[in-house]
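Chemist: According to this note's numbering, the sequence shown is numbered sequentially starting from 5.
All C-beta atoms in this analysis are idealised placements derived from N, C-alpha and C, irrespective of residue type, glycine included.
Let me begin by handing over the structure; questions about it come next.
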Amino acid sequence: MAEKRRNRKLPRREFLRKVAAGGALAPALRNLAASPPGKSEAEKIRAQAGESTRPAGRIQFPRAFTGHNLAMVAFPLGGIGTGTISLGGRGQLRDWEIFNRPDKGNARQYSFAAIWTRAAGGKPVARVLEARIEPPYERTSDGLGSANVPG
């Protein structure tokens, strides 16, 4: 037979009964604790960012990312055994994983994609192919700095 241990305020079986009862009542209590009707903080933030507030369902293809979702999306340029550099959601070059050195989330200073064109007989035009940084601004260990300022 199990002996009652000293200094135990609640026996183990009684504790398990109470935990099971609490788990059974949790779904019913969720409705009582729900916030009043209206937009939640998350919905307000999504609306400000121009995102859909509909509940997430099946993913539709082709996918389009907007707003703060662009901060974490990246397309790897490279292949197996060659190393890779990723093209970020703003068009920035990031994740320089070359020379057998993993480097997710980092960008080299003064590295960006650019295009230079000149029409016949016209002046040359150069443009940085990178979008503006959206708030909350990305930061590096050395502050906002040149690594985070598109041309």
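By the 10 Å Cβ neighbour count, where 16 or more other Cβ atoms means buried, how is S90 classified, buried or exposed?
Modeler: Result: buried.
Chemist: Looking only at its chain, what residues have a beta carbon closer than 6 Å to the beta carbon of D107, apart from the 5 residues adjacent to it on each side?
Modeler: Same-chain partners within the cutoff: W100, E101.
Chemist: Could you check what DSSP says for F79 in three-state terms: helix, strand or coil?
Modeler: Of the three classes helix, strand and coil, the one that applies to F79 here is strand, per DSSP.
Chemist: Starting from S115 and walking both ways along the beta strand (DSSP E), at which residues does that stretch end?
Modeler: Premise fails: S115 is in no beta strand (DSSP E) and is neither H nor E.
Chemist: Go ahead and label R98 buried or exposed: buried means 16 or more other beta carbons lie within 10 angstroms of its beta carbon, across all protein chains shown.
Modeler: Counting Cβ neighbours within 10 Å, R98 comes out buried, since at least 16 surround it.
Chemist: Any idea what DSSP makes of R17, helix, strand or coil?
Modeler: Of the three classes helix, strand and coil, the one that applies to R17 here is helix, per DSSP.
Chemist: Over the uninterrupted beta strand (DSSP E) stretch that includes G85, give me the two end residues.
Modeler: No beta strand (DSSP E) holds G85; DSSP gives it neither H nor E.
Chemist: I need the DSSP call for A130, collapsed to helix, strand or coil.
Modeler: Strand, per DSSP.
Chemist: How big is the Cα-Cα spacing for T86 and K22?
Modeler: The alpha-carbon atoms of T86 and K22 are separated by roughly 58 Å.
Chemist: DSSP has T121 in a bridge; who is on the other side?
Modeler: T121 pairs with V129.
Chemist: I need the straight-line Cα distance from G4 to A68, nearest angstrom please.
Modeler: The requested residue 4 does not occur in the structure, where the chain is confined to residues 5 to 155.
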